[in-house]
Amino acid sequence: MVRFVRPAPGMNFILYSHLDETNVDAVIQEQIDYFSQMEQPWSWQVYDHDRPLDLKDRLMAHGFEPEDDPDAVMVLDLQAAPRALLEPVTADVRRIFQRDQLDDAVRVEERVLGGEFGWLKQRLGDHLEVPDYLSVYAAYVEGQPACTGWVYFHPNSQFASLFGGATVPDYRRRGLYTAVLAVRVQAAISRGYRFLTVGASPMSRPIVARHGFRLLSYACAYVWKENPGL
């Protein structure tokens, strides 16, 4: 069992588990008891190869809900990163440093995915206040936010994680997704990380695959919903 635990503002989850029918329910309850004391949102990352085979059903029986459709878990060995991701980025890609600058990134996500993403500004804003933990980027076309993505730098790990890659439909096929990917690859290398992981959607999977990311598995976050107020 591997827990990823971070004090407020949080981002807590079970990253890995190796269970069987004899202990799965007891271990699930142990994790519920542990994280409930923190009074923060948390989730359980479930991979297609996890055991027991009915782990998803057991988590739902304990009060978890799947967050979204499964993503393709893909990884890039940064020591073998393709040259295209290492060259200077010529697009107008800007790093976002402060909470009050996050509106452009949030606006891109809202235009791509639909809905209201005020919660995302709150989450990213909280995480930006943690030193050396998160870098957020936005690409612009004629001053308009067109693409966004961010990268988490996990302490005491060889892995950094990509999130949020999205391009407004009107600005696709201009290399913006690759530009935002490249600045994050270069940021991870500059910090000494060996690997980059991403949970790729069906739309982004072929793009990152062209840049050397390899498929490991499929995964879905199961979010704990029984804790009042979260």
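In terms of this note's numbering, the sequence shown has 127 at position 59, counting the first letter as 1, and numbering is strictly consecutive.
We treat Cβ as the ideally placed atom computed from N, Cα and C, and that holds for glycine.
No experiment lies behind these values; they were computed from the predicted model shown.
A residue is called buried once 16 or more other Cβ atoms fall within 10 Å of its Cβ, and Arg252 is buried on that count.
Taking 3 residues as the shortest admissible run, the region 104 to 142 contains the following complete beta strand (DSSP E) segments, listed from N- to C-terminal end: 110 to 115 and 132 to 134.
Pro150 counts as exposed, since fewer than 16 other beta carbons sit within 10 angstroms of its beta carbon. The DSSP-derived three-state label of Leu230 is strand. Three or more Cβ pairs closer than 8 angstroms define a contact, and the region 182 to 190 falls short of that threshold against the region 216 to 231. For Tyr245, the enclosing alpha helix (DSSP H) stretches over residues Leu244 to Ser258. Taking the Cα of Tyr208 as reference, the smallest distance to any Cα among Arg163, Leu196, Asp200 and Ala228 is reached at Arg163. Put simply, the backbone Cα of Ile96 is about 10 angstroms away from that of Leu123. Sequence-distant Cβ neighbours of Arg273 in its own chain, meaning closer than 6 angstroms and more than five residues away, are Ala140. One Cα belongs to Arg175, the other to Pro213, and the distance between them is close to 8 angstroms.
DSSP links Arg282 through a beta bridge to Val143. The secondary-structure analysis by DSSP pairs Thr216 across a beta bridge with Ala206 and Ala234. Per DSSP, the beta bridge partners of Asn80 are Trp110. With a cutoff of 8 angstroms on beta-carbon distance, Gln105 and Leu83 are scored as not near each other.
In the DSSP assignment, Leu192 falls within the alpha helix (DSSP H) that extends over Gly186 to Leu196. CA-CA distance, Ile100 to Arg119, rounds to 19 angstroms.
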